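Contents: one structure, followed by commentary.
Protein chains: 4
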Amino acid sequence: MIIVLKPGTSKEDCDRILDQIAATGLKPLYLPGTERTVLGAIGDERVLAGLHLEGNPHVETVTPILSPYKLVSRELHPHDTVVPLGPGARIGSDRFVVVAGPCAVESREQLDATAERVKEAGASVLRGGAFKPRTSPYSFQGLGRDGLALLSEVGRRRGLPVVTEVVDVSDLDAVVEHADMIQVGARNMQNFRLLQAVGQCPRPVLLKRGPAATVTDLLMAAEYVVAEGNPNVVLCERGIRTFETATRNTLDLSAVPFVKQRSHLPILVDPSHGTGIRDLVTPMALAAAACGADGLIVEVHENPEVALSDGKQSLFPEQFAALMAALRPFVEAGGRHL
Amino acid sequence: MIIVLKPGTSKEDCDRILDQIAATGLKPLYLPGTERTVLGAIGDERVLAGLHLEGNPHVETVTPILSPYKLVSRELHPHDTVVPLGPGARIGSDRFVVVAGPCAVESREQLDATAERVKEAGASVLRGGAFKPRTSPYSFQGLGRDGLALLSEVGRRRGLPVVTEVVDVSDLDAVVEHADMIQVGARNMQNFRLLQAVGQCPRPVLLKRGPAATVTDLLMAAEYVVAEGNPNVVLCERGIRTFETATRNTLDLSAVPFVKQRSHLPILVDPSHGTGIRDLVTPMALAAAACGADGLIVEVHENPEVALSDGKQSLFPEQFAALMAALRPFVEAGGRHL
Amino acid sequence: MIIVLKPGTSKEDCDRILDQIAATGLKPLYLPGTERTVLGAIGDERVLAGLHLEGNPHVETVTPILSPYKLVSRELHPHDTVVPLGPGARIGSDRFVVVAGPCAVESREQLDATAERVKEAGASVLRGGAFKPRTSPYSFQGLGRDGLALLSEVGRRRGLPVVTEVVDVSDLDAVVEHADMIQVGARNMQNFRLLQAVGQCPRPVLLKRGPAATVTDLLMAAEYVVAEGNPNVVLCERGIRTFETATRNTLDLSAVPFVKQRSHLPILVDPSHGTGIRDLVTPMALAAAACGADGLIVEVHENPEVALSDGKQSLFPEQFAALMAALRPFVEAGGRHL
Amino acid sequence: MIIVLKPGTSKEDCDRILDQIAATGLKPLYLPGTERTVLGAIGDERVLAGLHLEGNPHVETVTPILSPYKLVSRELHPHDTVVPLGPGARIGSDRFVVVAGPCAVESREQLDATAERVKEAGASVLRGGAFKPRTSPYSFQGLGRDGLALLSEVGRRRGLPVVTEVVDVSDLDAVVEHADMIQVGARNMQNFRLLQAVGQCPRPVLLKRGPAATVTDLLMAAEYVVAEGNPNVVLCERGIRTFETATRNTLDLSAVPFVKQRSHLPILVDPSHGTGIRDLVTPMALAAAACGADGLIVEVHENPEVALSDGKQSLFPEQFAALMAALRPFVEAGGRHL
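Residue numbers (this note's numbering), protein chains in the order written: chain A, 507 to 844; chain B, 507 to 844; chain C, 507 to 844; chain D, 507 to 844.
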């Protein structure tokens, strides 16, 4: 429920209503504005009926939140969320943000060489996986905590905030120590315990859409994070699983405007996993900028031919530089800058 | 097979090889160029082995066409096909073409009012269905031949070439008489008899991707048309059927660069059927321009609230005008013009 | 609408109501029963409100048909439809019917040898394609009308009614002449003109589910046929297109009980196309019998290794005989016989 | 690799080869048989080439394992795995096993009443969720550890082994303490850390197929568990996510024979989640028995109308009893017993 209070309602009266809401088991929200104070009551809205808040003399209107997600919905929070990511890097503003780097951290040399090239080309965040979820137990699983340390070291040296995936709650402290943003991967999008744990973290969360998740499922997953107290969620469209086998996944770009119209959270697009084919990454990156995405996350490897994972979809550094050059007019056509 | 002849091969020697190819049951192709003459042999390539063409003194190289589609493949025909559509309208050139109009022709007034508005806003082709394939036998099925006559009348009056769907071979003559381009709809994409029939028509064909068709299936369907002698095929991505229910279909924009890299045929995007939601049409239209589509086909209705079909996804005329204005910088960023 | 008349309503009063229904543009139905007469009014039910039939003194109740399909729905027609297929062969009764034969008619010898073997093993209907819809224009397209003639000749010789696919309205007369049941294939399930044409035919129709069709779409397609006057429609579940690539399609057996609960039409299962893998045909055939299908359609080839189409999914004759033997206890467990 | 030793190879020679395999980093397997001893080498098979085992005088043949999964493949392990589940209950034998119970443990009364009824009707394992993964953070999340205690108490009282889901590694000890089999749910099928953790547990694992997982993905997930040392994995087909909205998921029964032909692990079918519709549970249960499943897992609730989750798909106790009665002839037709 969204409860708009009458002008001039005292903080005491306001607190009394918040206490009433809390007593029903719903989560009370206090959202002061310049003209009006708005309260929220999040949870099963039927229990609120008993309070008869519409009869309270300080209450102007009581409106249900129609969408199944509440905290992440524009109904409750009409303005765009801008997620801070360290000095100068923010996601969701009028700057289009490009996150780039290798699929996996393989070595200091590989990571540093790649970081240097993506920074030069204009990337503002470095990606790199230390814990790699792999379909086969016999595939390279990442360098683990050593990879985390390399990532933060290289990020600091190159002046790039870093994002990396967490695959289990038990690694979360280590990831928080080394990363500026924590990625929850597609396969864990409905690992609700992990969502709750990152919801209690002091780091922004990059939440990737699962291969069988609807956009509503994605927003519900974000709701899990925000409901735990972490408002800094960045969504990521990275393709869904369909019958089409020409591409690794089917990149569902219509999810971008759909989400932007219904939620205040920023959303990135991952054209690397979304297509799985190097030659499709740039055109889909341009399309992402055109349909309103807040940025990109792109796999780039110093030498994709020897990459330990995802080589086929990783850009060569010079291709990434070309992508950045091609991107600029599209970003500007969309009223943003790089 | 692609057979490149040595420079200076006489037309007689060339014909002799074409006759040999024809005698195997394969379809011979004669593709003269400024420097070299290239021949094609289309069909089951194994039968060609018996000819030992690589030993022919006039033959420089014999290369198999690796893709399952042959005539529509860039391997055989590296340059873009530009489909002529009447004076001034061509699809596949550096002009980004916008086809617009109502889902169905409902009346002279409705069609003419819509045509006037889309022409003003910059559309260069008028769409309108006379034969409507509908899921329910109890839904409006279109005005039939009366609709065709209205469409050509309004198109002439407003100076717009027209495109309309044919749903059965028996209507083809009437459609050819009234339309400048013939649409084969998504549900008929693998109606091979209809494909063969439009392949013998003196009109360009707009071939929409079926809801369960891979991009390879789409190119194979185009091959049916071209194999009958009609080279003027325009492909159309209009969304595939997936588990996502937020949108009517899942618009697979990655099909656009995938097709452009493998085929010389132009491709349009239909963001109206691709999303089914009016508010998503414009962002996906911009994305289509960004990822390299040759144009759009958009549903616009003078008054979508009373439309007899597809009202929910049809733009109001002023929304279409806004789309055209928003589109310009993205089209120009892609190196084309409107 | 379902209009139940009071006992003793005269035929004259009944006709007067039918005329009123017809005058609204709805399709009137006369469904006399042993105790009560029931009338139907099919089409956009809103126009019926103006008649105020519930106030007519001969009318007991007026109930809307809630499903989007009307004539094929159990709401209107609670008893199972049994489709006659020539002497002794009926689909939808307590006999579980097995249709078997090659994907395509290739020659008299191939067809006759296969027919002999499937008849021996207990099949009661012969299948065989004369017009083959193929993804590639360079694949074997069937023997056409020669194939039809061979099919009816062999069917007569072996005492088996025959079913074959029609792919275009222009071939329908020839197919009617030679076949006992007319198949509308998966790719033509929403070729509405073809549905209307077979709806005017004096032959039962086997309607296969399209690869992107929901079960509701399938029932709406059947409604097209029945609305034209042909009540003898047999549905067929043959798999839908999903992300799973282990099998050619994903056989959706839950469609069988779903359809049986909502429609009075019989339904067969095609485990050959449903799986695309010979070794999965028998287990899925048993499962089809268990979940309530009225029969099977199975591809069998005298020698699948040289089959011109679908060899990988065709059973060897001895495998088909084993399938029939394995099937019997499952059919009997379901309260039917072979 | 599968390494077959010559008859009469001594244990010492055998150990020497196992040591050589281990030294390459591959996982050595010792599989003694009555006639021959077979060794396995699991992991990236290319490193084995350097050993030139085919030249070893004690080695008869060296054969690569072609499938991407190794330990769970029939190539390595041709005989069916039978998973022990406490006295008298085994999965994968000639007894068809039925697991039944409520979606969630709601109270002692609810669980005990349901357990009594399913036991009476012939179920041999009790299911009940204590930790419930829910799409919305505002839905009932299960009773947690209290639910585990209730489950084991009721299981003991009613003489039924119990299975329950674990959703996070941190709960695993508690689940192991109370449950006889540990379920890894569909949304966690590729939570590889959880798979590794249950792979080190002294309990059988019920591994449910993810909604976007191919059968190969499912077998790879099982490989993660077995590779950690736990051979007792029971697979479960519970439906995949497709465009069909008539059912909650599309139950892919063809996965059952596909898996049985390629893997030695047993597989259950969950017709409750597979369809999401109470009236489809029984027909799909019968079909599961017919196509070779080793058993079922079915949701039953003492009173589905007041169930806190999945009420729509839960059977009433009397419906479950009817299902068990209907099941018997189909199970027996398949050569098993209940």
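Where a beta carbon is used, it is the ideal one built from N, C-alpha and C, also for glycine.
All figures in this text were calculated on a predicted structure; none of them were measured in a lab.
| Check | Outcome |
| --- | --- |
| Could you tell me which uninterrupted beta strand (DSSP E) segments, each at least 3 residues in length, are contained entirely in the segment 770-835 of chain C, listed from first to last along the chain? | 773-775, 801-805 |
| Roughly how many whole angstroms lie between the Cα atoms of Val611/B and Asn694/C? | 25 Å |
| Work out the CA separation of Phe637/C and Asp785/C for me, nearest whole Å. | 27 Å |
| Please name the residue in Pro643/C, Val544/C, Gly549/C whose C-alpha comes closest to that of Thr567/C. | Val544/C |
| Cα-Cα, which of Pro810/B, His564/B, Thr530/B, Ser579/B is closest to Ala555/B? | Thr530/B |
| Apply the 10 Å Cβ neighbour rule to Tyr536/B and answer buried if 16 or more other Cβ atoms are within range, or exposed otherwise. | exposed |
| Is Thr788/B close to chain F, meaning its C-beta is less than 8 Å from at least one C-beta of that chain? | Of the chains in the structure shown, none is chain F; the protein chains are A, B, C and D. |
| Check each candidate in Thr751/A, Val732/A, Val731/A, Gly716/A and name the one with the smallest Cα separation from Cys742/A. | Gly716/A |
| Do Leu572/A and Ile508/A have their C-beta atoms within less than 8 Å of each other? | no |
| Arg693/D versus chain B: which residues are under 8 Å apart at the beta carbon? | Near Arg693/D there are no residues of chain B at all, since even the closest Cβ is about 15 Å away, more than 8 Å. |
| Run through DSSP, which three-state label would Cys520/A get? | helix |
| Please return the same chain residues whose Cβ sits closer than 6 Å to the Cβ of Asn738/B, not counting the five positions on each side in sequence. | Val589, Pro710 |
| Look at Val740/C and Leu759/C and say whether their C-beta atoms are less than 8 Å apart. | no |
| Return the first residue and the last residue of the beta strand (DSSP E) that Met687/B is part of. | 687-690 |
| For chain B, is any of its Cβ atoms less than 8 Å away from the one on Gln696/C? | yes |
| Could you check where the alpha helix (DSSP H) with Gly546/D kicks off and where it finishes? | No alpha helix (DSSP H) holds Gly546/D; the beta strand (DSSP E) holding it covers 543-548. |
| Less than 8 Å between the C-beta atoms of Cys797/A and Pro763/A, yes or no? | yes |
| Can you confirm whether the segment 592-609 of chain D touches the segment 815-826 of chain D when touching is taken to mean that 3 or more C-beta pairs between the two stretches lie within less than 8 Å? | yes |
| I'd like to confirm the pairing. Which residues does DSSP put opposite Val604/C in its beta bridges? | Leu802/C |
| Starting from Phe749/C, find everything on chain A with Cβ-Cβ shorter than 7 Å and list it in chain order. | Arg747, Thr748, Phe749 |
| Could you work out which residues of chain B lie near Cys707/A, taking near to mean beta carbons separated by less than 7 Å? | Result: empty, since nearest Cβ-Cβ is about 29 Å, beyond 7 Å. |
| Name the two residues that bound the continuous alpha helix (DSSP H) containing Leu701/A. | 698-704 |
| So for Gly635/D, helix, strand or coil by DSSP? | strand |
| Quick check: is the beta carbon of Gly798/A nearer than 8 Å to any beta carbon in chain D? | no |
| DSSP has Lys533/D in a bridge; who is on the other side? | Ile548/D |
| Grab me the residues of Val804/A's own chain with a C-beta within less than 6 Å of its C-beta, minus the 5 sequence neighbours each way, in chain order. | Ala606, Ser778 |
| Rounded to whole angstroms, what is the Cα-Cα separation between His585/A and Leu771/A? | 9 Å |
| For Arg662/B, count neighbouring C-beta atoms within 10 Å of its own C-beta (all shown protein chains included) and say buried if the count is 16 or more, exposed if not. | exposed |
| So which residues of chain D does Gly780/A contact, with C-beta pairs closer than 8 Å? | Going along chain D, no residue has its Cβ under 8 Å from Gly780/A, so there is no contact; the nearest lies around 15 Å. |
| Could you give the distance in angstroms between the alpha-carbon of His558/C and the alpha-carbon of Pro708/B? | 54 Å |
| Does the Cβ-Cβ distance between Ala727/C and Gln702/C come in under 8 Å? | no |
| Of all the options Ser658/C, Gln819/C, Pro593/C, Leu654/C, which has the alpha carbon lying nearest to the alpha carbon of Asp677/C? | Leu654/C |
| What is the residue span of the alpha helix (DSSP H) that Thr722/C lies within? | 721-733 |
| Whose C-alpha, out of Leu532/D, Asp600/D, Leu792/D, Lys625/D, is nearest the C-alpha of Arg664/D? | Lys625/D |
| Going by C-alpha distance, which of Asp679/B, Arg596/B, Gly539/B, Pro570/B is nearest Gln706/B? | Asp679/B |
| Compare the C-beta of Tyr536/C against all C-beta atoms of chain B and say whether one is closer than 8 Å. | no |
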